[in-house]
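Student: This is the structure, below, for whatever I ask next.
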Amino acid sequence: MNREAQEEAGGSVVVDMDQMAPVWVPSEPDCQICKRPFTFLFRRHHCRNCGKCVCEFCSKDKVRILRLDPTQLFKVCNPCSIEIKESRVY
Numbered sequence: 008m009n010r011e012a013q014e015e016a017g018g019s020v021v022v023d024m025d026q027m028a029p030v031w032v033p034s035e036p037d038c039q040i041c042k043r044p045f046t047f048l049f050r051r052h053h054c055r056n057c058g059k060c061v062c063e064f065c066s067k068d069k070v071r072i073l074r075l076d077p078t079q080l081f082k083v084c085n086p087c088s089i090e091i092k093e094s095r096v097y
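Here the sequence shown is numbered in this note's numbering, starting from 8 and rising by one per residue.
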């Protein structure tokens, strides 16, 4: 039974948060990691793992995020990059 059918039948829908994309933080005036202010040339990026608004220096890596798409590389913030790489089982 799909989600809409469950809702119409009055059943609850269980959502696996590990399978969802992150909620992006609204654009901030400063990097949420190093606090450097964004400008026209110093651009903001959103981490595809946690959703934080970060600068290019605080988001240097691209990693695979299995819950989003195991075949693609996604731009992530430095703390998420470390966390993802350390949690990998080889």
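All C-beta atoms in this analysis are idealised placements derived from N, C-alpha and C, irrespective of residue type, glycine included.
Lysine 82 by DSSP, collapsed to three states: which one?
Tutor: strand
Student: So, using beta-carbon positions, are histidine 53 and tryptophan 31 closer together than 7 angstroms?
Tutor: yes
Student: Mapping DSSP to helix, strand and coil, what is lysine 59?
Tutor: In this structure, lysine 59 counts as coil in the three-state DSSP scheme.
Student: Give me the Cα-Cα distance between isoleucine 40 and phenylalanine 47, rounded to the nearest whole angstrom.
Tutor: Cα to Cα, isoleucine 40 sits roughly 19 angstroms from phenylalanine 47.
Student: Does lysine 92 come out as helix, strand or coil in the three-state DSSP assignment?
Tutor: Helix at lysine 92.
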